[in-house]
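**Student:** Here it is, the structure, as structure tokens.
Residue numbers (the numbering used here): 325 to 823.
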């Protein structure tokens, strides 16, 4: 409640000065009512409604309860003009958004923990921070399953592993080549060479019994026999056991890196199928991941025009051509796709321009679609195949309108099926949680019953002990009295009729 609204509005500079001082501010503003949110979810719903200019039910109830009955005389100060217009339309309040209202609300935010009793500045800051995070998360609508930064890191690591594995394999070839130089010419694959290095060890120990193991590694009986024959007539030098141990250890590390690289490529394929399935279906997982990594994110790639996507990755050649007034490059990262490699030399520029156009469409569909599917990517890939065939044979491709209509129909069916499966999965999850909750409650009830029964049993045992003790005390007193009455103290009292 603000005192002397008109005077405060006329003396705005004084209001700005009084806002920073709690004593002067409380002389102008007093707390009339306070309505705390019952939960964090309720606070999030209210702030989302305010951001959209909608009057929430909690806000309506608060204002109707605490505003004076004479609405014409009262004035409601609101910081946001959008929600102010909604309040004026629905509740017929007199709204003011400018002037001293901004400064007064600034003072309320500054001294809020002092105006509300029992609220500390630390608690208010913690609540504001939690609500701010929830609000930002709801606006961004972040989905962990469609995080493209994992793709960026994976493709960077994959490229680095390719360089490291190649360098280490060359080192193993040079190192082990002193002992068995003929093996380099027989086996060309680096990973297979390192596995053979581990298997063979000292070439002089190879025998006919090792032939089966060699075939399992090289997957070729002729190569395995050639390795065995070469080991018998090799020109390599002898090697000491300690050198052989170090070579085998290093080969083991290279083989482990190669295995990890294969697993990482499978991981990249699965992430691309979730984040950008259409781009992966069109141009491949690796090239699509490189495009996303070079652009910075899938959203940035979707914003690029086709001309930028076409030369993405060839910036140095582009600026050099612009500087020397030469021919600009025709392709960048998309050169590694199979389409450009299959095209004739005269058609490489044309197919790269067409492929960049389709990549732009695929990235935009992946970025802004709610349910990711690869239907459009498959159709776009077929279009590129038809265009490539048109350049070679002259067969006219299908019209883009017809292809997109067919793709939209199939995508609708696939999306419906995916949503149905997700709903079914969600129902199963809720059913499983409710069953677990019932079991927990049943276990708690059973535990309570056991506790009650145990308590009753303890009470019964305690009562029996007390009763036994009482009987024992009575009998002991009776015996003592009877002994005193007997002339002979050594006689035990009998149970005769005189007693």
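Note that CB positions come from ideal geometry on N, CA and C, so glycine has one too.
1. Leaving aside the five residues before and after residue 355 along the sequence, list all residues of the same chain whose C-beta is less than 6 Å from its C-beta, in chain order.
2. Closest by CA to residue 590, which one among 605, 606, 576 and 610?
3. Whole-angstrom Cβ separation of residue 580 and residue 496, contact assumed at under 8 Å?
4. Residue 428 to residue 343, Cα distance in whole Å?
5. Take residue 618 and list the residues in its own chain whose beta-carbon comes closer than 7 Å to its own, dropping the five residues that flank it on each side.
6. Which same chain residues, not among the five before or five after residue 435, have their C-beta less than 8 Å away from its C-beta?
7. To the nearest whole angstrom, what separates the beta carbons of residue 400 and residue 385, a pair I think is in contact under 8 Å?
8. With a CB to CB cut of under 6 Å and the five nearest residues on each side skipped, what residues in its chain are close to residue 674?
9. Within this structure, are the beta carbons of residue 626 and residue 705 separated by less than 8 Å?
10. Tell me, please, which residues DSSP counts as bridged to residue 399.
11. DSSP three-state call for residue 437: helix, strand or coil?
12. Give me the Cβ distance between residue 482 and residue 592, rounded to the nearest whole Å; I'm assuming they're in contact under 8 Å.
13. Assuming residue 560 contacts residue 527 under a Cβ cut-off of 8 Å, what Cβ separation, rounded to an integer in Å, is found between them?
14. Do you know offhand how far residue 417's Cα is from residue 371's?
15. Under a three-way DSSP split, which group does residue 378 fall into?
16. From residue 352 to residue 762, what distance separates their C-alpha atoms?
17. Between the Cα of residue 738 and those of 750, 718, 698 and 720, spot the shortest distance and give me the residue it belongs to.
18. With burial defined as no fewer than 16 other Cβ atoms inside 10 Å of the residue's Cβ, what is the status of residue 503: buried or exposed?
19. Using the Cβ count rule (16 or more neighbours within 10 Å means buried), how would you classify residue 390?
20. Which of helix, strand or coil does DSSP assign to residue 340?
21. Apart from the five residues on each side of it in sequence, which residues of its chain come closer than 7 Å, Cβ to Cβ, to residue 510?
22. In this structure, how does DSSP classify residue 652 when only helix, strand and coil are distinguished?
23. For residue 603, which of 744, 700 and 634 has the nearest alpha-carbon?
24. In chain order, what residues of the same chain lie with their CB nearer than 8 Å to the CB of residue 537, ignoring the 5 residues before and after it?
25. Once you ignore the five residues that flank residue 375 on each side, which residues in its own chain have a CB closer than 7 Å to its CB?
26. By Cβ distance below 7 Å, which residues in the same chain neighbour residue 622 in space, the five residues on each side in sequence not counted?
27. Residues in its own chain within less than 7 Å of residue 493 by CB, not counting five upstream and five downstream?
28. Is residue 596 helix, strand or coil by DSSP?
29. Would you decide whether residue 754 is buried or exposed? Buried here means 16 or more other CB atoms lie within 10 Å of its CB.
30. Compute the beta-carbon to beta-carbon distance between residue 663 and residue 679, rounded to the nearest angstrom, for a pair I have assumed lies under 8 Å.
31. Along the chain, which unbroken stretches of the beta strand (DSSP E) at least 3 residues long are found entirely within the segment 533-610?
32. Is the beta carbon of residue 595 closer than 8 Å to that of residue 474?
**Tutor:** Taking the geometry as given:
1. Residue mapping note: residue 355 aligns to position 31 of the chain shown, counting from 1. Cβ neighbours of residue 355 beyond the five flanking positions: 439.
2. Here residue 590 refers to the residue found at position 266 when the chain shown is read from its first residue. Nearest C-alpha to residue 590: 610.
3. Taking the chain shown and counting its residues from 1, one reaches residue 580 at position 256. Taking the chain shown and counting its residues from 1, one reaches residue 496 at position 172. At roughly 13 Å, the Cβ-Cβ gap does not stay under 8 Å, so residue 580 and residue 496 are not in contact.
4. On the chain shown, position 104 is the one that residue 428 refers to. On the chain shown, position 19 is the one that residue 343 refers to. For residue 428 and residue 343, the distance between alpha carbons rounds to 7 Å.
5. Start at 1 with the first residue of the chain shown, and residue 618 comes out as number 294. So the qualifying residues of the chain are 636, 637 and 657.
6. Counting from 1 along the chain shown, the entry for residue 435 is found at position 111. Closer than 8 Å at the Cβ level, and outside the excluded window around residue 435, lie 346, 349 and 350.
7. Along the chain shown, one-based indexing puts residue 400 at 76. Along the chain shown, one-based indexing puts residue 385 at 61. With 8 Å as the limit, residue 400 and residue 385 do not qualify as a contact, their Cβ atoms being about 15 Å apart.
8. Here residue 674 refers to the residue found at position 350 when the chain shown is read from its first residue. Result list for residue 674: empty, nothing under 6 Å.
9. Working through the chain shown from its first residue, we reach residue 626 at position 302. Working through the chain shown from its first residue, we reach residue 705 at position 381. No, the Cβ-Cβ distance between residue 626 and residue 705 is not below 8 Å.
10. Along the chain shown, read from residue 1 onward, the residue named residue 399 stands at position 75. Per DSSP, 418.
11. Locating residue 437 in the chain shown gives position 113, counting from the first residue. Helix, per DSSP.
12. By 1-based counting over the chain shown, the position of residue 482 is 158. By 1-based counting over the chain shown, the position of residue 592 is 268. With a Cβ gap of about 6 Å, residue 482 and residue 592 count as contacting.
13. Within the chain shown, the letter at position 236 stands for residue 560. Within the chain shown, the letter at position 203 stands for residue 527. Their Cβ separation, rounded to whole angstroms, is 7 Å, which keeps residue 560 and residue 527 in contact under 8 Å.
14. Residue 417 sits at position 93 when you count from the first residue of the chain shown. Residue 371 sits at position 47 when you count from the first residue of the chain shown. Between residue 417 and residue 371, the C-alpha separation is close to 20 Å.
15. Taking the chain shown and counting its residues from 1, one reaches residue 378 at position 54. Looking at residue 378 - three-state DSSP - the assignment turns out to be coil, as it is neither helix nor strand.
16. As a working mapping, residue 352 is identified with position 28 in the chain shown. As a working mapping, residue 762 is identified with position 438 in the chain shown. About 56 Å.
17. Looking up residue 738 in the chain shown gives position 414. Considering only alpha carbons, the answer is 698.
18. If you number the chain shown from 1, residue 503 lands on position 179. Buried: at least 16 other Cβ atoms inside 10 Å.
19. In the chain shown, counting from the first residue as 1, residue 390 sits at position 66. Answer is exposed; the Cβ neighbour count stays below 16.
20. Indexing the chain shown from 1 puts residue 340 at position 16. Of the three classes helix, strand and coil, the one that applies to residue 340 here is helix, per DSSP.
21. For the purposes of this step, residue 510 is taken as residue 186 along the chain shown, with counting starting at 1. Contacts found: 547, 550, 551 and 554.
22. Residue mapping note: residue 652 aligns to position 328 of the chain shown, counting from 1. Coil at residue 652, not helix or strand.
23. The residue you call residue 603 lines up with position 279 of the chain shown. Out of 744, 700 and 634, 700 has the C-alpha closest to the C-alpha of residue 603.
24. The sequence position of residue 537 within the chain shown is 213, counting from 1. Correct list, in chain order: 523.
25. What you label residue 375 is simply residue 51 of the chain shown in a count that begins at 1. There are no such residues.
26. What you label residue 622 is simply residue 298 of the chain shown in a count that begins at 1. So the list reads 472, 599, 600, 616, 687, 690 and 691, once near-sequence residues are dropped.
27. What you label residue 493 is simply residue 169 of the chain shown in a count that begins at 1. Answer for residue 493: 514, 517, 518 and 578, listed in chain order.
28. Counting from one through the chain shown, the residue named residue 596 turns up at place 272. DSSP places residue 596 in helix when its eight states are reduced to three.
29. Taking the first residue of the chain shown as position 1, residue 754 is located at position 430. Residue 754 should be labelled exposed.
30. Looking up residue 663 in the chain shown gives position 339. Looking up residue 679 in the chain shown gives position 355. Between residue 679 and residue 663 the Cβ distance is about 6 Å, and since that is below 8 Å, they are a contact.
31. none
32. The count along the chain shown starts at 1 and reaches residue 474 at position 150. The count along the chain shown starts at 1 and reaches residue 595 at position 271. Cβ atoms of residue 474 and residue 595: closer than 8 Å.
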